[in-house]
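The structure appears right after this line, and notes come after that.
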């Protein structure tokens, strides 16, 4: 198991990072072609991709259910239940129920796992080896098919295959992954990435083991997790299309409140197998939440770091992997209740730091809109009239007068000119030619009054001419 886990971590993480890079790049290209808002397209593309991705939860759990229901234990249980209805005394039923409640759900702890294992001999024993081989072999075959489809269907980028260059790029990417952690936005969102790992592992490991398998039996795990697969497939698509109306803050806030309510319910009101619908309801809601956490977080990452995608997505999967590792590390040491408290703490911390990032981003955008950055017109080089920005505070109107004082060519001609941190935009070619070299240096050293006197003198000469 340990070598398999190591291989999965080493080989799986680059695949997940590549998924985020490919989806975000395709979204940016689509936005450029269609003229749509880039943030909305990135959000929509991530929603569609993760919806398709999570449909595998349905097919995978259906496959495991069909295989595991053929176990000898499952057939014996059905036979005994059909032949022995009503044969169990009231005292035995009470004892079994009390024993189950003492070792399952939030009561599951390392010190009572021995009793839980004894109890599970009638509930969730290990399947027969030949069924395990069938299940693992089927999954392996599907992986090979997926790799073949990717190799032949995905268009390969045209790059030069230079071994030295590849090694150099790998080193640069590795360095960039850790260097990017200095970015305040990414650093503040690290707890959110770790929480994504905690959130997924709690359902896959703790809920299926301590709640479903312990209460209902291992053959029910596939049925309950199919509900998770259905809702986790629908959720990213829905939230991706709703982004333009509700945005990230409402998404995260609503998901955080619902997630916290589920954690509290597990702690305060643990249920038994008499409430069968509960074991389907929790994975269903969890799928909605996980689809939101996963797709929205990756979309948010793609928007904030569209210029630096590969290190950003590598960071996400790095820290999500840390969440996986930590969850599995304390899995055999802590009670389920303690694990729930850890998840609740990480949830609150993640949301608080996300709000800091959101406020910081909005303040930066507000500064840009207030004119503290170069306008879009300047970036496009389409300056309709003369403009001068200088540290000595000379007004742009003065430059306009000087620019228009000589015989000029058509005003549609706009030329940017820069020297010594002095930005000069002129609509007059003659003025531009006369304003090079020492003239620019002189103007930059002039006071406001001196410059205005030059403008007036130039204007008088133009009038006399």
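Residue numbers (mature numbering (1 follows the signal peptide of the UniProt record, and there is no 0)): -17 to -1, 1 to 448.
From the three backbone atoms N, C-alpha and C, an ideal C-beta is built for every residue, glycine too.
In this text the structure is predicted, and so the values were computed from the model without any measurement.
Span separating the alpha-carbon of residue i from that of residue j
| i | j | result |
| --- | --- | --- |
| residue 236 | residue 27 | 20 Å |
| residue 20 | residue 120 | 45 Å |
| residue 296 | residue 221 | 23 Å |
| residue 126 | residue 42 | 13 Å |
| residue 240 | residue 258 | 24 Å |
| residue 347 | residue 36 | 34 Å |
| residue 315 | residue 183 | 17 Å |
| residue 13 | residue 223 | 15 Å |
| residue 337 | residue 115 | 42 Å |
| residue 319 | residue 269 | 17 Å |
| residue 171 | residue 231 | 16 Å |
| residue 256 | residue 199 | 6 Å |
| residue 261 | residue 194 | 10 Å |
| residue 449 | residue 279 | Nothing can be reported for residue 449: it is not among the residues displayed for the chain, which extend from -17 to 448. |
| residue 332 | residue 253 | 25 Å |
| residue 246 | residue 326 | 8 Å |
| residue 218 | residue -11 | 30 Å |
| residue 345 | residue 351 | 10 Å |
| residue 328 | residue 313 | 16 Å |
| residue 197 | residue 87 | 6 Å |
| residue 155 | residue 304 | 21 Å |
| residue 353 | residue 339 | 21 Å |
| residue 23 | residue 168 | 20 Å |
| residue 33 | residue 343 | 28 Å |
| residue 128 | residue 30 | 24 Å |
Member of the options whose CA lies at the smallest distance from the CA of residue i
| i | options | result |
| --- | --- | --- |
| residue 330 | 318, 317, 306 | 306 |
| residue 204 | 90, -7, 46, 33 | 46 |
| residue 309 | 263, 185, 118 | 185 |
| residue 8 | 286, 34, 116 | 286 |
| residue 113 | 188, 51, 159 | 51 |
| residue 226 | 267, 90, 283 | 283 |
| residue 292 | 177, 5, 301 | 5 |
| residue 248 | 300, 49, 209, 324 | 324 |
| residue 160 | 233, 294, 251 | 294 |
| residue 174 | 1, 334, 11 | 334 |
| residue 277 | 229, 177, 158 | 177 |
| residue 302 | 129, 163, 10, 93 | 163 |
Coil, strand or helix - residue i by DSSP
| i | result |
| --- | --- |
| residue 254 | coil |
| residue 20 | coil |
| residue 457 | Outside the shown range of the chain, which is -17 to 448, sits residue 457, and nothing can be said about it. |
| residue 88 | helix |
| residue 315 | coil |
| residue 259 | coil |
| residue 138 | coil |
| residue 155 | helix |
| residue 111 | coil |
| residue 46 | helix |
| residue 125 | helix |
| residue 212 | helix |
| residue 51 | helix |
| residue 199 | coil |
Q.
Can you confirm whether the segment 206 to 225 touches the segment 268 to 286 when touching is taken to mean that 3 or more C-beta pairs between the two stretches lie within less than 8 Å?
A. Counting C-beta pairs with one atom in each stretch, the segment 268 to 286 and the segment 206 to 225 have three or more that are closer than 8 Å, which means they touch.
(Q) Report the start-end ranges of each alpha helix (DSSP H) in the segment 215 to 249 that is 4 residues or longer and not cut off at the edges. (A) Runs of the alpha helix (DSSP H) inside the segment 215 to 249: none found.
Q: Within the segment 154 to 192, note down every full alpha helix (DSSP H) run reaching 4 residues or more, in order along the chain.
A: Those alpha helix (DSSP H) runs which fall completely within the segment 154 to 192 and span 4+ residues are 167 to 171, 173 to 184.
**Q.** Those runs of the alpha helix (DSSP H) which lie wholly inside the segment 256 to 309 and span at least 4 residues
**A.** The qualifying runs are 261 to 287.
Q: Only counting runs of 3 or more residues, tell me where the beta strand (DSSP E) segments fall wholly within the segment 315 to 342, in order along the chain.
A: Counting only runs of 3 or more residues that sit fully inside the segment 315 to 342, no beta strand (DSSP E) segment turns up.
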